[in-house]
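Worksheet: one structure, shown below.
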Amino acid sequence: MAEPITWFNAERQAAQLHPLLLIGIWIVIFLEIHPFQDGNGRLSRVLTTLLLLQAGYAYVPYSSLESVVEQSKEAYYLALRQTQGTIRTSAPNWQPWLMFFLRALAEQVRRLNRKVEREKLVLASLPELSLQIVEFAREHGRITMGDAIRLTGGNRNTLKQHFRALVEQGHLGRHGAGRGVWYELR
195 MAEPITWFNA ERQAAQLHPL LLIGIWIVIF LEIHPFQDGN GRLSRVLTTL LLLQAGYAYV
255 PYSSLESVVE QSKEAYYLAL RQTQGTIRTS APNWQPWLMF FLRALAEQVR RLNRKVEREK
315 LVLASLPELS LQIVEFAREH GRITMGDAIR LTGGNRNTLK QHFRALVEQG HLGRHGAGRG
375 VWYELR
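The structure is reproduced here in structure tokens:
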């Protein structure tokens with residue numbers, strides 16, 4: 195594993211290959227080496243996510259590459275076999291794997307875009323006060339009635355109605371009881 199890691203770091207530093215191509219090639223080499231008895235595929239997807247984040251692709255934690263690969267297992271294994279059969283030759287054929295890899299990333303982006311569009315549609319139908327509550331919960335991980343009063347200046351009873359509706363609609367989850375109640379995104 196030391197040799198591929200050294201090669202990857204040198205190539206990343208040289209910046210002659212596009213980061214997606216570099217990551218794709220490194221991942222197929224990792225899978226060909228198969229360093230562990232079990233879990234190499236899952237680990238390769240975790241490594242892909244890490245390398246994509248390092249390359250500036252900040253979207254990757256919000257859409258599952260694992261599920262994209264899982265839904266196209268046959269194409270995954272075919273591309274892997276076609277490329278791995280040539281890796282140790284004088285003219286490796288990276289194309290089958292890179293085409294699969296890049297298509298999988300494109301599908302990951304499409305899924306995230308669909309998720310964002312659905313979220314926009316759902317949130318567009320919410321009253322402004324409810325939107326403020328949801329955005330605060332998204333930014334801070336949770337929200338309390340006190341937070342909502344400070345944030346919006348709204349009336350406690352009006353805010354209770356908004357919280358109740360957001361919980362009923364599945365936007366927020368309620369935790370605790372009495373004065374200790376807090377809400378988080380679902």
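If you're matching positions, the sequence shown starts at 195 in my numbering and goes up one per residue. Quick reminder that beta carbons are idealized off the backbone N, C-alpha and C, glycines included.
The beta strand (DSSP E) with residue i in it runs from where to where?
i	result
G367	366 to 369
W376	376 to 379
Within its chain, find whatever has a CB closer than 7 Å to the CB of residue i; leave out the 5 residues flanking it on each side and keep chain order.
i	result
R206	L216
F294	A269, Y270, A273
For the alpha helix (DSSP H) containing residue i, name the first residue and the last one.
i	result
W220	213 to 227
L170	For residue 170 there is no data in the structure shown, the boundaries of the chain being 195 and 380.
N234	234 to 248
S261	259 to 264
When the Cα atoms are used, what is the spatial distance from residue i to residue j?
i	j	result
W291	N307	24 Å
Q276	V375	56 Å
A298	V262	6 Å
T243	L315	28 Å
S266	G348	49 Å
Looking at residue j and residue i, is the spacing between their C-beta atoms short of 8 Å?
i	j	result
R239	L259	yes
R380	G370	no
L317	T346	no
A331	E378	yes
I227	M195	yes
L246	N234	no
Suppose the cutoff is 6 Å on Cβ atoms and the five residues either side in sequence are ignored; what does the same chain contact list for residue i look like?
i	result
L353	A342
P198	I223
Excluding the five sequence neighbours on either side, which residues of its own chain have a C-beta within less than 8 Å of the C-beta of residue i, listed in chain order?
i	result
L211	E205, I219
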